[in-house]
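Engineer: Before I ask anything, let me first share the structure, which is written out below as C-alpha cells.
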Amino acid sequence: MFQFTLHIISFLIISMLIILMPLSLSIPHSIRLLFESSAVLCYPVSGDIHLRHSHTRSLTMRIIISPAKKMIVDTDSFPAESLPTFLPRTERLLAVLRDMSPAQLQTLWKCNDAIAALNVERLAAMDLNRSLTPAILSYEGIQYRYMAPTVFERSQLDYIRDHLRILSGFYGLLRPFDGVTPYRLEMQAKLAVDGCRDLYAFWGGALAEALAAETDLVVNLASKEYSKAVEPHLPPSVRFLTCTFGEEKDGKVLEKGTACKMARGQMVRWMAEQGVEQAGDLRDFDGLGYAFSPVHSTEHHFVFLKGET
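With this note's numbering as the guide, the letters of the sequence shown map in order to residues 4 to 312.
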C-alpha cells in the first residue's frame with residue numbers, strides 16, 4: 004500500500020513539473036529519467052533540443068531527395084505551413100555567409116559573375132521568416148519537374164507531407180511545406196563554420212537523428228553528395244534503402260545524371276499516386292521504361308534498369 008501511494012505521489016509531482024516547466028527549456032537529465040517511459044521524451048539532436056511525444060515515432064517510411072540549385076519564389080500556389088526544424092543553425096550559416104566578401108562567396112559557390120551577383124543580393128536581403136515558399140515548390144531542378152508537385156491532388160500532397168524530406172546544405176532537413184527562401188549553398192561546399200571543416204561536419208549526425216526519430220525505413224532518392232550526410236550516422240535499427248536507375252552495359256550498371264534525376268522525380272510522383280507504404284512495393288515501379296532488377300538488387304539497394312523485363 005505504501006509503495007502504491009509513493010508511485011501516486013511521484014506521478015503527481017512529475018505531472019506538475021511538466022505543466023509548470025516552459026516547453027522551451029530543456030528538462031534536467033535526472034527528471035527526464037523518471038518519466039522517459041511515460042508521456043514525453045527529450046531528444047538532443049547535436050545541440051538542438053526537441054520535445055517529442057514518445058508515441059510519435061512512426062513506422063511510416065521517409066523518402067529523402069536532394070535539393071536543386073535553381074530556386075523560385077511562389078507564395079501563391081499554397082502557403083508554407085511551418086518553419087524548418089533546424090532554423091537556428093541556418094541563421095548561423097547565414098551570418099557566416101554575410102561576413103564573406105563577394106569574391107570569397109563566388110569561390111565558395113563555384114559560379115559565374117552573374118549568378119554570384121544575384122546571390123550576393125539575395126544574402127543581403129534574406130529574411131528567413133517572411134515571404135516564404137513551401138520547400139516542395141521552391142526548387143526547379145529536373146527531379147522536381149518530373150515530380151510535378153504543382154499538379155498533385157490533395158491525397159498526393161498529404162502523402163508527401165508525411166513521407167518526403169528534402170536534404171539541404173543550408174536548411175539541413177526540410178519537410179515539403181516548410182517555408183524557405185532562395186539560397187545557394189551545396190552540401191559539398193567547403194565552408195568552415197564554428198570549428199567544423201565543412202558542412203558535413205557542421206550538420207554531423209543531426210539529420211540522421213531527426214529521421215531515426217520518425218521512421219525505421221529511409222528510402223534514398225538523393226544523390227551521393229547529400230545521402231552521405233545521413234547514411235553514416237543512422238543507427239542499425241533504421242533500414243537505408245537506396246534506389247538506383249541505370250542501364251546495363253557489358254555486365255555493369257551505368258547511371259546517367261540527367262536520367263537518374265528524371266527517374267527519382269518520377270518515382271516520388273508514382274509513390275504519392277500509389278500511396279506506397281512498404282519497401283517491397285517499390286519493386287512495381289515501371290516509370291520511364293525502368294523495371295526492377297532482382298539480379299542486381301539487395302535488401303539495401305534496389306536497382307532499376309531501362310528496358311528490363
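Positions of the beta carbon are idealized from the N, C-alpha and C atoms, including for glycine. Just so it is clear, the structure is predicted and the values come from calculations on it, not from any experiment.
1) Would you call the CB atoms of Gly-310 and Gly-292 closer than 8 angstroms?
2) State buried or exposed for Thr-136, treating a residue as buried only when at least 16 other CB atoms are found within 10 Å of its CB.
3) Alpha carbon to alpha carbon, how far is Val-306 from Asn-122?
4) Any idea what DSSP makes of Lys-227, helix, strand or coil?
5) Name the DSSP beta bridge partners of Leu-167, please?
6) To which residues does DSSP link His-304 through a beta bridge?
7) DSSP on Cys-263, reduced to helix/strand/coil?
8) How many Å lie between Met-129 and Arg-178 at the Cα?
9) When DSSP labels each residue in this structure, what does Gly-254 get in the three-state scheme?
10) Using 8 angstroms as the Cβ pair cut-off and three pairs as the minimum, do the stretch 253-269 and the stretch 139-153 touch?
11) So if DSSP puts Phe-295 in a beta bridge, which residue, or which two residues, is it bridged to?
12) Within its chain, find whatever has a CB closer than 7 angstroms to the CB of His-58; leave out the 5 residues flanking it on each side and keep chain order.
13) Quick check on DSSP: helix, strand or coil for Asp-77?
14) Let's see if you can read the secondary structure: which residues bound the alpha helix (DSSP H) around Leu-111?
15) Counting Cβ pairs closer than 8 angstroms, one from the stretch 210-230 and one from the stretch 112-119, do we hit at least three?
Structural biologist: Inspection of the coordinates gives the following:
1) Going by C-beta atoms, Gly-310 is nearer than 8 angstroms to Gly-292.
2) Flag for Thr-136 reads buried.
3) Take the alpha-carbon of Val-306 and the one of Asn-122: they are about 37 angstroms apart.
4) Residue state, collapsed to three classes: helix.
5) Partner residues in the beta bridge of Leu-167, as assigned by DSSP, are Ile-66.
6) Under DSSP, His-304 shares a beta bridge with Thr-245 and Thr-301.
7) Helix.
8) If you take the alpha carbons of Met-129 and Arg-178, they lie about 20 angstroms apart.
9) Reduced to three states, the DSSP call for Gly-254 is coil.
10) Judged by Cβ distances under 8 angstroms, the stretch 253-269 makes contact with the stretch 139-153, as three or more pairs qualify.
11) Paired residues: Phe-307.
12) Residue placement at His-58 is flagged as unreliable, the pLDDT there being 35, under the threshold of 50; a coordinate-derived value is accordingly withheld.
13) Assigned with DSSP and collapsed to three states, Asp-77 falls in coil, not helix or strand.
14) For Leu-111, the enclosing alpha helix (DSSP H) begins and ends at 105-112.
15) Short answer: they don't touch.
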